[in-house]
Amino acid sequence: MQPFIPAPASRPAHPEATQADQPAPEVHTPYSFKVLTVNIHKGFTFFNRKFILSELRDAVRTVGADVVFLQEVAGSHLKHAEKFDNYPEEPHYEYLADSIWEQFAYGRNAVYTHGHHGNAVLSKFPIVRFENRDISISGPERRGMLHCELQVPGQSRNVHAICVHLGLVENHRTQQMKLLCDLVRKEIPVRAPVVVAGDFNDWRRRAHAQMAKGANLHEVFVQANGQAARTFPARLPLLQLDRIYVRNAIGHSPIVLPSHPWSHLSDHAPLAAEIRL
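So the sequence shown is numbered by the UniProt record's numbering: it starts at 1 and just counts up by one.
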């Protein structure tokens, strides 16, 4: 992509600028795309009973999402690679992306003796920039947020996609959401579209107010149905842990994906929505 070089400024011939001297209004081209968010539990079923990454890949493909937000994605695990015959050689985010999502980004959060895991974004749009930020607060729990800029067709501004996985401790989540809101408010252009999705672990439903006040982010299920979706545990969802928040965009037709086959594939029910710009 070539850098944008502004033309040299010129002084108007008349002290009062005419209408022709004013910058042309920005042209907005309506566009919509589908997003999916799911915690894939490192490719294992509930309680790590079975490795089912290939089934997960098939299920993710059927959703037809343009952008996929993944949490608990294994980048590497030497012991599992030795133990399971169907364990892929490549990192799981590459295996899931395959030929469907040509662009992907990975943010390593937790590192241990035999490997590491984190968040990932798969995209059918060019990812022009990405950055992973460590938002761990204290103790052994490692958390991160993966920020990607997507070049979406017909848009004058890049779409900012942020995949998050917040902590289990409420005080930690409060601090992590402040870091998230600071990023959106201070570092992303005020008129740029933003989609934040992932596992918020917000079982006490405190995130909505903080996200709205801190960064003008609004949850798509709350906007459509008056409350966030129940996603955990996937077999009998009771807790509203997973979210899709937007700014300068509209969430349309948000859905919790059906129990079959998803309750067999993850301990979290996945969420999908159409995002209209």
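Where a beta carbon is used, it is the ideal one built from N, C-alpha and C, also for glycine. Treat the numbers as computed from the prediction; the structure is a model and nothing was measured.
With at least 16 other beta carbons inside 10 angstroms of its own, residue 202 counts as buried. Of the candidates 190, 189, 166, the residue whose Cα lies closest to the Cα of residue 179 is 166. Under the 8 angstroms Cβ criterion, the stretch 225–233 does not count as touching the stretch 70–79, having fewer than three qualifying pairs.
Counting along the chain, residue 185 sits inside no beta strand (DSSP E); it lies in the alpha helix (DSSP H) bounded by residues 170–187. Unbroken alpha helix (DSSP H) stretches of 4 residues or longer found wholly inside the stretch 69–130: 78–83, 92–97, given in chain order. With a 10 Å radius around the Cβ and a threshold of 16 neighbouring Cβ atoms, residue 173 comes out buried.
Residue 33 has 275 as its beta-bridge partners, per DSSP.
In this model, residue 52 and residue 41 are separated by some 10 angstroms (Cα to Cα). Contact annotation: residue 251 and residue 207 have beta-carbon atoms that are not nearer than 8 angstroms. Residue 145 has 133, 164 as its beta-bridge partners, per DSSP. In the three-state reduction of the DSSP assignment, residue 224 falls in the helix class. Between the alpha carbons of residue 193 and residue 85 lies a distance of about 42 angstroms.
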